[in-house]
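Line by line, the protein sequences give chains A and B.
Heads up, the first sequence is in the working numbering, so the first residue is 1 and it goes up one at a time.
Heads up, the second sequence is in the working numbering, so the first residue is 428 and it goes up one at a time.
For each residue, glycine too, the CB sits at the ideal point set by N, CA and C.
Accompanying notes for the structure given below.
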Amino acid sequence: MRKKVSLLLSALVVMTGSLLILPGCLKDHVTESYQIYEPVYALKTAVLAGINGDPGTPVSQTGQIYVKGSYIYLNDPDKGIHIIDNSDPSNPVQTAFLNIPGNLNIGIRNNILYADMYADVLSIDISNVHQVKILGMVRSFFSSRVFGSDTNYVVANWILKDTNVTVVPQGFVLIPNTNYVTFPSALAAATYSLANSAAASGSASGTGTAGSTAVMTLVGDYLYAIPEEHSLGVIHIADSTNPTQTSLGMAGYDLETIFPIQDKLLLGSKEGVYVYSISNPAQPAKVGEFTHGTACDPVIANSNYAYVTLHTGTYCGAAANELDILNARDISNATLITSYPMTSPTGLCLDGSLLFVCDETVVKVFDVSNPDNLQLLSSVPVNNPNDVIAANHVMMVVAGGGLYQFDYTDPSHIGKLSYLPVNNSKL
Amino acid sequence: MRKVIVLMMACAFVVGVGFGQGAGQSTSFGQSHVQFRSTEWVGLSSGEVGSAGQVQTVNGVAKGPWFVGVGAGLDYYRFRSVPLFLSVTRDQAIGKRDWLFLYVDGGTNVPWYTRTITPEDNISSSTFHGGEYWSGGLGYLWKLGDHTSKAILFTAGYTVKKLKEDQTQMFGCPLANPCPPTPFQPAVFEYLCRAYQFMIGFRF
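Set out below in structure tokens:
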């Protein structure tokens, strides 16, 4: 019996020793397979020559919306602008597509459309939307979108490439054809950089209405925009054939949206709202600031009140999901009147005493006659609404699934007029 | 899923105990008639990412030196999973109450693991899928009496389990490079987990 116990104890000692020594000999094997987008570069001159796109181009993704006259200009992020004849809101017709790679922002003054093409700002004559003409360009204005060293090229397309890497041991990947390891994201960035290097070596008048999430706006002879998240840039556009950047300066932190009101600009940031005077339109000057917790926040205003939506999220911080109403009679010294809880509000707009707020799964319509006691008139179901423009009893909502239009003649009983869906099968 | 796994393991254990109590009165190893056997195991899997516990229950029939049974367990190595397998064992007597045996287990491995996703992970979704499960090795068996099937067992072996994970990753724009058309990127991870397996069992 004692012999047995000794044998078992010996076995236990051997097993314990093995546990300490042997595992180092074994390696788990982990592979990661994914698809990576690789940019295809093209000469800017060739891209500008082909800017008149196929009007039948489906909307692959919704971005900024801009309304002027009976036309809706809908940005398809990084692809271009869909021009939609909205003479009959119950039957909007896609009439043209401006194939502008890298486009995110839209502004229109008279019959000149201003649009970004990555870092550049183009002025485009849209008198004939089927045969637009490039009039001028400000190069490298949106400084956060300057890519590569050769600015004669832009990314005109993307191709999907299958990629397979060995992950060693936990979270790291092997650099192909080497014995070195790195983070997966670093490898992806390196792939982009390599591709980058390879390519580089190779009718009415006035302005229209932008959505509240816009980062570019036109006032008089000037275009104001947030070229990167801390700056306010100004372009003089009196001569559309020769737009000229007049100023660029630090304007705040984490800037996100821009909204003009009288002779002021309201810059929405993650930390608050910055107020800039454009009494001297070429040189905006800061005249006020309202701070709140860290959250994403479009801002709009009328002569009495400013309305700010705050929403939380990965990139937005976690301060609150709410609608703030500020006293804006003296916009330079705006003060918080009250806040209303929301689910995850984004874009918003005003039409008289009606306030429209996109809030995750609905667009809420409030009567704001008394800001201390908002009356919810309707909640219009729209999934992932991002921004809204309401005028002439037609509410246009840009959402993840497409462009929706509603009739709010009776704000308590809002009816759907039309829906232009996205078709993202051709990413 | 969790309920199903727990139920399956509980059934395997209860059936094993039930059969074992009825069949294990006066048996010996190596007998020529078919006999039910149940073995409960606890042990460790030890590999590249450290050591982790595992438990198993194996229930089946033995005839002569051969045993064939089905097993279920819990394996905490790298990702918690539930191996469901067929087990084949060949015994060889080396003494009156001492036996050596070889075992091979093969089957499937059902994941019972949910990745904890934090904002820093840049992952929007993660789903694990099952894969193959294999183990094999050498064991030593010590019978607790001359006329009983009850025994204590020790094994040292090698185990392999495969798992697949579908992730939706979120990528920001690479520095100084344009943003791809979508920040969401599906990725598939295939894990081949290899570990040494040391277990202590009780057979009845």
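Pair within 7 Å by beta-carbon distance, residue i and residue j
{"i": "A/L348", "j": "A/T309", "result": "yes"}
{"i": "B/V369", "j": "B/L513", "result": "Shown here, chain B extends from 428 to 631; a query on residue 369 of chain B therefore has no answer."}
{"i": "B/L527", "j": "B/Y585", "result": "no"}
{"i": "A/P55", "j": "A/A96", "result": "yes"}
{"i": "B/G558", "j": "B/N536", "result": "yes"}
{"i": "B/T595", "j": "B/S551", "result": "yes"}
{"i": "A/Y404", "j": "A/V397", "result": "yes"}
{"i": "A/V154", "j": "A/P101", "result": "yes"}
{"i": "A/L104", "j": "A/G80", "result": "no"}
{"i": "B/V531", "j": "B/K490", "result": "no"}
{"i": "B/E467", "j": "B/F629", "result": "yes"}
{"i": "B/K591", "j": "B/L619", "result": "no"}
{"i": "A/Y274", "j": "B/P607", "result": "no"}
{"i": "A/I51", "j": "A/Y73", "result": "no"}
{"i": "A/P298", "j": "A/L232", "result": "no"}
{"i": "B/K570", "j": "B/R524", "result": "yes"}
{"i": "B/T554", "j": "B/D502", "result": "no"}
{"i": "A/V362", "j": "A/P341", "result": "no"}
{"i": "A/R139", "j": "A/D125", "result": "no"}
Span of the alpha helix (DSSP H) around residue i
{"i": "A/T45", "result": "44-49"}
Residue i, enclosing beta strand (DSSP E) - first and last residue
{"i": "A/I261", "result": "255-261"}
{"i": "A/N152", "result": "Here A/N152 belongs to no beta strand (DSSP E), and DSSP marks it neither H nor E."}
{"i": "A/Y114", "result": "112-117"}
{"i": "A/R109", "result": "106-109"}
{"i": "A/C358", "result": "354-359"}
{"i": "A/Y305", "result": "305-310"}
{"i": "A/N86", "result": "Here A/N86 belongs to no beta strand (DSSP E), and DSSP marks it neither H nor E."}
{"i": "A/Q245", "result": "244-250"}
{"i": "A/D372", "result": "That residue, A/D372, is in no beta strand (DSSP E); it is neither H nor E in DSSP."}
{"i": "B/F506", "result": "No beta strand (DSSP E) holds B/F506; DSSP gives it neither H nor E."}
{"i": "B/G496", "result": "493-502"}
{"i": "A/G272", "result": "272-277"}
{"i": "A/S231", "result": "231-236"}
{"i": "A/A301", "result": "299-301"}
{"i": "A/I126", "result": "Per DSSP, A/I126 belongs to no beta strand (DSSP E) and is neither H nor E."}
{"i": "A/F497", "result": "An answer regarding residue 497 of chain A cannot be provided, because it is not within the stretch 1 to 427 covered by chain A."}
{"i": "A/K286", "result": "285-291"}
{"i": "A/Q64", "result": "A/Q64 -> no beta strand (DSSP E), and no H or E assigned at all."}
{"i": "B/G488", "result": "For the record, residue 488 of chain B in the displayed sequence is Val; it is not Gly. B/V488 -> beta strand (DSSP E) spans 477-490."}
{"i": "A/A457", "result": "Residue 457 of chain A lies beyond the range of chain A shown here (1 to 427); nothing can be said about it."}
{"i": "A/E228", "result": "Run containing A/E228: none; DSSP gives neither H nor E here."}
{"i": "A/L98", "result": "93-99"}
Of the residues the options, the one placed nearest residue i, counting alpha carbons only
{"i": "A/A399", "options": "A/V422, A/V154, A/F141", "result": "A/V422"}
{"i": "B/P546", "options": "B/T609, B/C620, B/A479, B/M597", "result": "B/M597"}
{"i": "A/T257", "options": "A/S339, A/L248, A/G272", "result": "A/G272"}
{"i": "A/T291", "options": "A/K264, A/D254, A/V129", "result": "A/D254"}
{"i": "B/Y504", "options": "B/T575, B/Y623, B/R630", "result": "B/Y623"}
{"i": "A/T166", "options": "A/F366, A/V30, A/T335", "result": "A/V30"}
{"i": "A/Y118", "options": "A/G249, A/V47, A/N370", "result": "A/V47"}
{"i": "A/E229", "options": "A/G211, A/G252, A/S247, A/G220", "result": "A/G252"}
{"i": "B/H556", "options": "B/Y540, B/I544, B/W468", "result": "B/Y540"}
{"i": "B/S465", "options": "B/S478, B/L580, B/D593", "result": "B/L580"}
{"i": "A/T338", "options": "A/D372, A/S344, A/L355", "result": "A/D372"}
{"i": "A/A282", "options": "A/P243, A/V234, A/D263", "result": "A/V234"}
{"i": "A/L135", "options": "A/T213, A/Y224, A/Y305, A/A115", "result": "A/A115"}
{"i": "A/E289", "options": "A/L336, A/A320, A/N321, A/T244", "result": "A/L336"}
{"i": "A/N152", "options": "A/T209, A/T45, A/D125, A/A225", "result": "A/T45"}
{"i": "A/M137", "options": "A/D88, A/F406, A/D387, A/I237", "result": "A/I237"}
{"i": "A/L267", "options": "A/T246, A/A301, A/S378", "result": "A/A301"}
{"i": "B/V469", "options": "B/T582, B/V615, B/E617", "result": "B/T582"}
{"i": "A/G220", "options": "A/S127, A/L376, A/N327, A/D239", "result": "A/D239"}
Any chain C beta carbon closer than 7 Å to residue i
{"i": "A/E322", "result": "In the structure shown, chain C cannot be found, because the protein chains are A and B."}
**Message:** Give me the subset of the stretch 608-630 of chain B whose CB atoms are less than 8 Å from a CB atom of chain A, sorted by chain position.
**Reply:** Flagged, chain order: P608, T609, Q612, P613, A614, V615, F616, E617, Y618, L619, C620, R621, A622, Y623, F625.
**Request:** Could you please tell me which residues of the stretch 467-486 of chain B, in chain order, have their CB closer than 7 Å to any CB of chain A?
**Result:** Answer set for the stretch 467-486 of chain B: L471, S473, G474, E475, V476, S478.
**Item:** Contact residues within the stretch 497-513 of chain B, judged by C-beta distance below 8 Å to chain A
**Value:** Residues passing the 8 Å Cβ filter: R505.
**Prompt:** Taking any Cβ of chain B, which residues in the stretch 26-40 of chain A have a Cβ under 9 Å from it, in chain order?
**Reply:** Listed by position along the chain: L26, K27, D28, H29, V30, T31, E32, S33, Y34, Q35, I36, Y37, E38, P39.
**Prompt:** Taking any Cβ of chain B, which residues in the stretch 66-93 of chain A have a Cβ under 7 Å from it, in chain order?
**Reply:** Here the close residues are D78.
**Message:** Restricting to runs no shorter than 4 residues, where is the alpha helix (DSSP H) found entirely within the stretch 384-412 of chain A?
**Reply:** DSSP runs (the alpha helix (DSSP H)) wholly in the stretch 384-412 of chain A: none.
**Asked** Can you list the beta strand (DSSP E) stretches of 3 or more residues lying completely in the stretch 538-617 of chain B, in chain order?
**Response** Every beta strand (DSSP E) of 3 residues or more that sits fully in the stretch 538-617 of chain B is shown, in chain order, as 550-556, 558-570, 578-597.
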